[in-house]
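Numbering (the numbering used here), first residue to last: 2 to 134.
Scroll down for the structure; my scribbles are underneath it.
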């Protein structure tokens, strides 16, 4: 696997997109970041690290899907990369929810909206990977 333009750029682009969308959702649209039990600087550093790992996972998964022809590079590739990212977002949210570290203390509607946002966030991260490749 080549770590130049085909891995590094999509990885950093998708990580930045997902981190930015997370901040937009939890820090601007909602007031979730006010409920964080750790210092905000520490939370942001850990979130940045999490999104770097998640961006790398999405980038490698997308490359493997291309390599083994799970995703066609023909016209539907960006949509397939988005769907791959959305699937990863669903799995990530399930893990976060089960561990009890999600911001979902506001009821079932909040959980549903939050999981849909997570899927959109990681879906756009997958789309960012496809644009960077």
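Note that CB positions come from ideal geometry on N, CA and C, so glycine has one too.
Note that this is a predicted model, so its numbers are computed, not measured.
Where residue i falls, given that 16 or more other Cβ within 10 Å makes a residue buried
i, result
"residue 110", "exposed"
"residue 69", "exposed"
"residue 32", "exposed"
"residue 122", "buried"
"residue 89", "buried"
"residue 124", "buried"
"residue 96", "exposed"
"residue 38", "exposed"
"residue 30", "exposed"
"residue 99", "exposed"
"residue 47", "exposed"
Start-to-end residues for the alpha helix (DSSP H) that takes in residue i
i, result
"residue 115", "109-133"
"residue 79", "78-100"
Where residue i falls: helix, strand or coil (DSSP)
i, result
"residue 54", "helix"
"residue 31", "coil"
"residue 24", "helix"
"residue 40", "coil"
"residue 8", "coil"
| query | Three or more C-beta pairs closer than 8 Å, one from the segment 37-46 and one from the segment 114-129: is that the case here? | reply | Put simply, the segment 37-46 does not touch the segment 114-129. Fewer than three CB pairs are less than 8 Å apart.
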